[in-house]
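All you need for my numbering is the position in the sequence shown, starting with 1, plus 11. To start, the structure itself, in structure tokens.
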Amino acid sequence: MHEIRVPATTANLGSGFDCLGVALQLYNHIAFEETDGGLEINILDNVTSGFLPSDERNLIYKAMKFLFDEAGWHPKGLRLNLTNNIPVTRGLGSSSACIAGGLYAANMLMGKKYTQRELLCFAARLEGHSDNTTAAIAGGFTVSVYEKEDIFYYSHPIKDDLKLVLLIPDYVVTTKKARSTLPGYYPLRDVSFNIAHASLLVASLLSGDYENLLCAVDDRIHQPYRKAFIDGYQKIYNKCKNYGALGTYISGSGPTMVSLIEGEDAAFFVEDIREYMQKGYPDWDIRLLDVDNDGIVELA
Ligand code: HSE
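Structure representation (structure tokens):
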């Protein structure tokens, strides 16, 4: 069987709505092969096997089928063994990992008919925006522009001097719901605010000079509307700031919150924030992660 691993991703990073993303060292695994007939999907992890579909409705399979149809290629049958470690519907790119992984796997079975750029384009089309899928496929910190069925992107490796602490609530917020709360139009002052902050964010992450991150992750496009879905958002945000976070933002469409931390401060930060969260939000999952700079990797 072939096997790939696909990273979780954190999108937007606050001010980079729909265009900035970072891949994380937290992975789903997809093992796959063509068979003599039928579709067999085995979900091997205990967490998602209870609720993710293991038939034609499975998102990985749907992405594979999309690419097979696009290429006019018809496998006799398929077997997929899936191990999902990325929390679902928490703003950590679980659906993008399925789409990106499914496209990549299908492309492998077809002898790599499509280039990475073409896969990125298909992935953005299926997901509706390019931030998570680009980071999942290319790895690192990614900037992407998806327009008119074409994609322009850049991927930049991030050293382990920058860590991410994920504060993952025990409840879900769907991207559909989180997007439906956003205004259709914004005043010019909010647009220019976000252009300035997202530009500063890109400069900070490319230069490795993190002193402006606290300001740079601030935004007026989505976080002011989405924080209402996160219990205790402001209190938790303030604590993260007091404990030394370089910046804290809502990951993708939420509800996970992410604090960016200087590498050497990470262990202390995690200890402090765990203690705080244990008191008021004991069911949240706190994780310290490094950036994944590889994107999708072929393991077998
Ligand atoms: N950029 C997307 C959003 C990420 O904020 O809605 C979630 O999929």
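Glycine residues also receive a C-beta, built at the ideal position from the N, C-alpha and C atoms.
Distance, residue j Cα to residue i Cα
{"i": "Tyr248", "j": "Tyr260", "result": "8 Å"}
{"i": "Arg298", "j": "Gly88", "result": "38 Å"}
{"i": "Asn69", "j": "Gln289", "result": "35 Å"}
{"i": "Leu287", "j": "Met268", "result": "The displayed chain sequence assigns Tyr, not Leu, to residue 287. Answer to the nearest angstrom: the Cα atoms are 15 Å apart."}
{"i": "Val99", "j": "Arg16", "result": "16 Å"}
{"i": "Gly49", "j": "Ala277", "result": "48 Å"}
{"i": "Arg231", "j": "Phe204", "result": "7 Å"}
{"i": "Pro86", "j": "Asp142", "result": "30 Å"}
{"i": "Asn57", "j": "Leu199", "result": "48 Å"}
{"i": "Leu78", "j": "Tyr254", "result": "46 Å"}
Boundaries (first-last residue) of the beta strand (DSSP E) holding residue i
{"i": "Asn95", "result": "First-last for Asn95: undefined, no H or E at that position."}
{"i": "Lys124", "result": "Note, Lys124: premise wrong, no beta strand (DSSP E); not H, not E."}
{"i": "Glu45", "result": "31 to 46"}
{"i": "Asn53", "result": "49 to 54"}
{"i": "Lys174", "result": "173 to 179"}
{"i": "Ala22", "result": "13 to 22"}
First and last residue of the uninterrupted alpha helix (DSSP H) at residue i
{"i": "Leu299", "result": "Segment 296 to 300 is the beta strand (DSSP E) holding Leu299; no alpha helix (DSSP H) there."}
{"i": "Asn118", "result": "105 to 120"}
{"i": "Tyr236", "result": "234 to 237"}
{"i": "Ser203", "result": "199 to 218"}
{"i": "Thr185", "result": "Looking at the DSSP string, Thr185 is not in any alpha helix (DSSP H), and its letter there is neither H nor E."}
{"i": "Glu282", "result": "277 to 291"}
Whole-Å CB distance - residue i paired with residue j, under 8 Å assumed
{"i": "Asn92", "j": "Asn39", "result": "Asn92 to Asn39, Cβ: 11 Å. No contact."}
{"i": "Leu120", "j": "Glu45", "result": "6 Å"}
{"i": "Gly291", "j": "Ala189", "result": "About 23 Å separates the two Cβ atoms, so there is no contact after all."}
{"i": "Leu173", "j": "Tyr221", "result": "7 Å"}
{"i": "Leu257", "j": "Leu225", "result": "6 Å"}
Pair within 7 Å by beta-carbon distance, residue i and residue j
{"i": "Gly263", "j": "Gly25", "result": "no"}
{"i": "Gly306", "j": "Gly113", "result": "no"}
{"i": "Thr21", "j": "Leu55", "result": "no"}
{"i": "Ile272", "j": "Val176", "result": "yes"}
{"i": "Pro180", "j": "Trp295", "result": "yes"}
{"i": "Gly27", "j": "Ala209", "result": "yes"}
{"i": "Leu193", "j": "His233", "result": "yes"}
{"i": "Asp283", "j": "Gln36", "result": "no"}
{"i": "Ile110", "j": "Ala74", "result": "yes"}
{"i": "Thr144", "j": "Ala135", "result": "yes"}
{"i": "Phe62", "j": "His13", "result": "no"}
Near the ligand GTP: residue i beta-carbon under 6 Å from a heavy atom
{"i": "Ser155", "result": "This structure lacks the ligand GTP; the ligands present are the ligand HSE."}
Which listed residue (the options) has its alpha carbon closest to that of residue i
{"i": "Val308", "options": "Thr267, Glu160, Ala146, Asp294", "result": "Ala146"}
{"i": "Leu217", "options": "His167, Lys187, Asp229", "result": "His167"}
{"i": "Cys251", "options": "Asp230, Ile162, Phe279, Val213", "result": "Phe279"}
{"i": "Lys314", "options": "Phe163, Arg237, Ser203, Val58", "result": "The structure shown has nothing for residue 314, since the chain only spans 12 to 311."}
{"i": "Ile162", "options": "Tyr197, Asn205, Phe133", "result": "Phe133"}
{"i": "Val33", "options": "Ile206, Ala116, Val281, Ile148", "result": "Ile148"}
{"i": "Ser106", "options": "Asp47, Ala19, Glu160, Glu67", "result": "Ala19"}
{"i": "Gly243", "options": "Ala135, Pro293, Ile206", "result": "Pro293"}
{"i": "Ile169", "options": "Gly274, Asn53, Ser60", "result": "Gly274"}
{"i": "Glu81", "options": "Thr153, Leu63, Asn118", "result": "Asn118"}
{"i": "Ser155", "options": "Leu137, Arg128, Asp171", "result": "Arg128"}
{"i": "Pro235", "options": "Tyr197, Ala207, Ser270", "result": "Tyr197"}
{"i": "Glu67", "options": "Thr59, Lys76, Ser60", "result": "Lys76"}
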